[in-house]
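J.:
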Amino acid sequence: MTTILRGGRLFTGTTDSGHEGIEIQHSCMVIKDDVILHIGDESDSPVLQVRQDGAKEIDLHGHLVLPGFIDSHCHISMLGLALGKLDVKHCKNIDDIRGLIKDYASANPSLKLILCRGWMQDTTDGVTLASLLDDLDPRPILIEANDVHSTWCNTAALDAMGVQNMPDPLGGEILRDGDGKASGLMLENASFQIVWPYIASQLSRDDKIENVLRGMKAYASSGYTGLIDMAMGEEDWEILQLLKSQGKLNCRIAAHWLIEPKATTQENLAQVDRAIELNRRFNAETSPDLRIQGIKLICDGVVDSCTASLCQPYTSNGISCEPIWTADMLAPVLQRAQSANLQCAFHAVGDNTVKVVIDTIEQFGIPGRRHRIEHMDLTRAEDTPRLGKLGITASIQPMHSDPAIFSAWPKLVGDSRCKRAFAYKEMADGGAPMAIGTDAPTAPFSALENLYVATTRRSTINPDSTETINKNFALPLATALSAATKGAARSCFAETWMGQLRPGYKADFTVIDTQLKPEALLKARVTQTWFGGKKVFDFEAQSS
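Using UniProt numbering, the first residue of the sequence shown is number 1, and each one after it goes up by one.
1. For T124, does the three-state DSSP call read helix, strand or coil?
2. Sort F537, W325, L516, P167 by Cα distance to H63 and report the nearest one.
3. Taking contact to mean at least 3 C-beta pairs separated by less than 8 angstroms, is the region 122–139 in contact with the region 96–109?
4. Reducing DSSP to helix, strand and coil, say where E144 ends up.
5. Beta-carbon within less than 8 angstroms of P403's beta-carbon, same chain only, minus the 5 sequence neighbours each way: which residues are those?
6. How far does the beta strand (DSSP E) with V35 in it extend, from its first residue to its last?
7. Pick helix, strand or coil for Y224, following the three-state DSSP scheme.
8. For a test of the three-state rule: what should DSSP assign to W497, helix, strand or coil?
9. Measure the beta-carbon distance from S191 to T225 and round it to whole angstroms, keeping in mind my assumption that it falls under 8 angstroms.
10. First and last residue of the beta strand (DSSP E) that includes P67?
11. Of all the alpha helix (DSSP H) runs that stay within the bounds of the region 189–238, which reach a length of 4 or more residues?
12. Give me the residue from F406, L475, A421 with the minimum Cα distance to M434.
13. Contact check, I259 vs I295 under 8 angstroms by CB: the rounded distance?
14. Which runs of the beta strand (DSSP E) spanning at least 3 residues fall entirely within the region 240–318, listed in chain order?
15. Helix or strand or just coil, what does DSSP make of C91?
16. With DSSP run on the structure shown, which of helix, strand or coil describes F11?
17. What residues in its chain sit with their C-beta under 8 angstroms from that of Q164, if we drop five residues either side in the sequence?
18. Rounded to a whole number of angstroms, what is the C-alpha to C-alpha distance between L269 and T326?
19. Apart from the five residues on each side of it in sequence, which residues of its chain come closer than 8 angstroms, Cβ to Cβ, to R98?
20. With distances taken between CB atoms, is the gap from E235 to A200 smaller than 9 angstroms?
21. Beta-carbon of L175 versus every beta-carbon of chain B: anything under 9 angstroms?
22. Specify the secondary structure class of W325 as computed by DSSP and reduced to three states.
23. Pick out whichever of F509, F531, P518, L522 has its Cα sitting closest to the Cα of V65.
24. Taking one C-beta from the region 72–81 and one from the region 433–450 each time, how about it: are there three or more such pairs within less than 8 angstroms?
25. Quick one: what's got a C-beta closer than 7 angstroms to N146's C-beta in the same chain, skipping five residues either side?
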């Protein structure tokens, strides 16, 4: 089928020049089946020809047309699960959290688990005792931190997971009281390797399929046509393959296989070999819409839990922690993966971990592999230029720099290090290839809100606040928009068929009722999302 979309304002994403670095020259696009045939104006001869041949026509009513957003760092099944959890993000203290959970549990007697999300750790002043939750409901209660790197549990949940006599996993901790009894908090790999599998064991296969479908539906409503999943495992991969075979995928997915740290190099490399095996079957040539792109290593934790590895101890408590993946552990994994043309994605939040990862890539990396570092919330000024020099993609999540979730940082790391937080513009100015994602569900999945924070450094959680975090590191809108489309496509070697509006590229795009100005993004609305030449989201149809 051939379709003419006319009367729009097209940002093609092919150039970063023009007004405020943004160029809008065209008003019309022709698509045939799943490919863009022509970009231009209604008077162009290709448009006149297909009109004469009876092409379908759609009036865009002056709306803005962008390449479909590509979330360069997300967790699709986790997002779907999170959307069904109780959100406690806006609770101000323990009493608020307790009251909300008690009411929710009472209103949902059929639930097997009471699953919550969005817990801001500073709202409980570091108190995470199971006993504070035990009187609310006899069922297991599991409260996921906003950053998803820890889980606060009641005694029923701890007992159900059998953690009392369980050793701490490598890179994780089961917090215990003075008698050695688990007290309620599961940190880092204790959450990833114990809590997550427990929750998964309580879900039916249909539940898990529905979670993925729910996540994809949410992404379509936000204008996404591509995702890079950063924690892929066997069961999620099987479900995605099933949905693809049923024609139910509404976005293109590149996945990074999660490599968990093990006691031996052989165990680590065995996981890499599994990713290599899958990549040989599902890659850009054989399966471009659902492929294994690389591996993912969670090299440290997060600042709010004092588990991110910093060059200097935490100001609040003097804690100094090493990366979960040391340099000696990283090197063989990096070498094995890149020898098979896999990309490596490294979660690195703290400045020490960022340095360790850059050092490792500098020493052992193969140029052109487009290895990437995720997050980089805190970096040293001397390390950011090295990203560009080494061709390391800066995979950033601007939502993490929302002032509303930054309140604990000054106490934890001190004012001087706070001034180095989320140095995105410095990375871009240093020549680092930029890719923007959300890290959903650790942050909202909205592409427009993400761009708003990236360009203004203001809050979407408290939109009336004028507070900013290091506005000198705000990205120009053109840079941010490019990183959320073309840059994200480049980050997974897909820049030759997606991330831009140009002839021959996939007909993946989104329609938005806004001007391309930072201050307008917060109130903007995605009105349509098109994937492979088909409309997969229509705001008017959904609202009617």
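All C-beta atoms, glycine included, are put in the ideal place defined by N, C-alpha and C.
T.: From the atom records:
1. helix
2. L516
3. yes
4. strand
5. R457, R458, S459, N462, S465, E467, T468, I469
6. 35–40
7. strand
8. coil
9. No, S191 and T225 are not in contact; Cβ-Cβ is about 31 angstroms, not under 8 angstroms.
10. 64–67
11. 196–201, 205–221
12. L475
13. 5 angstroms
14. 252–258, 290–298
15. coil
16. coil
17. L158, K181, A182
18. 15 angstroms
19. L132, L133, L136
20. yes
21. In the structure shown, chain B cannot be found, because there is only a single protein chain.
22. coil
23. F509
24. yes
25. K89, G118, W119, M120, I405, T442
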